[in-house]
Amino acid sequence: MREQWRQRWREGRIGFHRNDTHPALAHFWPGLDIAAGTKVLVPLCGKSLDMHWLADAGHPVLGVELAPEAIEQFLDEQQASRSQAGVSRYRQGGFAVARQGMVELWQGDFFHLHIRQVDEIGAFYDRASLIALPPATRQRYALHLAQLVPPGAQGLLVSLQHDEGDHGPPYSVNKAEIDMLFTPNFVLTELGSGSRDAQGRMESVWGLCRRGPLA
Ligand SMILES: C[S@@+](CC[C@H](N)C(=O)[O-])C[C@H]1O[C@@H](n2cnc3c(N)ncnc32)[C@H](O)[C@@H]1O
Numbered sequence: 021m022r023e024q025w026r027q028r029w030r031e032g033r034i035g036f037h038r039n040d041t042h043p044a045l046a047h048f049w050p051g052l053d054i055a056a057g058t059k060v061l062v063p064l065c066g067k068s069l070d071m072h073w074l075a076d077a078g079h080p081v082l083g084v085e086l087a088p089e090a091i092e093q094f095l096d097e098q099q100a101s102r103s104q105a106g107v108s109r110y111r112q113g114g115f116a117v118a119r120q121g122m123v124e125l126w127q128g129d130f131f132h133l134h135i136r137q138v139d140e141i142g143a144f145y146d147r148a149s150l151i152a153l154p155p156a157t158r159q160r161y162a163l164h165l166a167q168l169v170p171p172g173a174q175g176l177l178v179s180l181q182h183d184e185g186d187h188g189p190p191y192s193v194n195k196a197e198i199d200m201l202f203t204p205n206f207v208l209t210e211l212g213s214g215s216r217d218a219q220g221r222m223e224s225v226w227g228l229c230r231r232g233p234l235a
């Protein structure tokens with residue numbers, strides 16, 4: 021699976037990437053009332069422009085992404101369009117980290133990120149991350165996310181449903197599965213869902229708040 025993602029980035033098969041901020045982020049994030057200055061974890065971040073939106077809202081951002089191509093494109097495009105801020109680079113455990121302004125991008129496998137490396141995280145944002153993972157990996161993702169954020173941490177999850185069975189990515193993740201995956205460690209609130217697009221895909225948006233000790 022890792023090599024398939026690298027291949028996609030090398031070949032530019034990144035239909036999931038949006039050239040604008042996801043509307044659900046701008047619409048629902050302010051309602052979560054997360055203080056500016058709270059660091060936001062963005063797992064499986066790609067080169068999402070949503071990271072700029074979060075940074076502009078006053079949040080340090082920590083994105084984690086497997087593909088170095090995604091990170092280099094994010095940095096190049098940011099330098100071309102937004103900021104001349106320099107990039108500092110360093111290694112942290114098995115990750116190659118690039119920091120530019122408020123955004124830190126950690127290149128490596130999200131599942132290798134350890135709580136000791138990320139102690140300041142207070143919030144998270146998942147758009148097209150859970151649904152990028154095959155069924156057997158999603159449980160591991162939900163538990164890993166819970167291990168990385170402290171009790172009380174809030175986040176936004178933008179999931180997707182379609183009728184193409186287990187075919188993906190993007191995989192279809194319905195309400196029952198979201199409940200099953202996250203309820204043990206998060207309080208879940210369904211914030212909204214869109215209408216089906218031309219391909220029969222429908223997004224749903226969830227607010228999550230990390231409960232107390234891990235289940
Ligand atoms: C569907 S894309 C979504 C990207 C981003 N969240 C967005 O909204 O554009 C999923 C991304 O996750 C990355 N990825 C997949 N598995 C990963 C892993 N185990 N650790 C870190 N990144 C991973 C892929 O390279 C890809 O860029």
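In my numbering, the protein residues as written are 21 to 235. Quick reminder that beta carbons are idealized off the backbone N, C-alpha and C, glycines included.
If the five residues before and after A148 are omitted, its C-beta is found closer than 6 Å to the C-beta atoms of F36, all from its own chain and listed in chain order.
For Q112, same chain residues with a beta-carbon under 8 Å away, outside a window of 5 residues either side, are W126 and Q137 in chain order.
The beta carbons of E92 and C65 sit about 13 Å from each other, so the pair does not count as a contact at 8 Å. In terms of CA proximity to G106, M122 leads the group L45, S224 and M122. Residue side-chain check: F36 places its Cβ nearer than 7 Å to a non-hydrogen atom of ligand 1. The DSSP-derived three-state label of D199 is helix. By alpha-carbon distance to Q120, the top candidate from H182, L82 and R30 is L82. Contact check for W73 and A46: beta-carbon distance about 7 Å, within the 8 Å limit, so the pair qualifies. Around the beta carbon of Y145, 16 or more other beta carbons sit within 10 angstroms, so the residue counts as buried. Just so you know, the alpha carbons of D183 and N194 end up roughly 10 Å apart.
Pairing L133 with Y161, the inter-Cα distance amounts to about 11 Å. Around T58, the same chain offers H79, G142 and A143 as residues with beta carbons nearer than 7 Å, after the five sequence neighbours per side are excluded.
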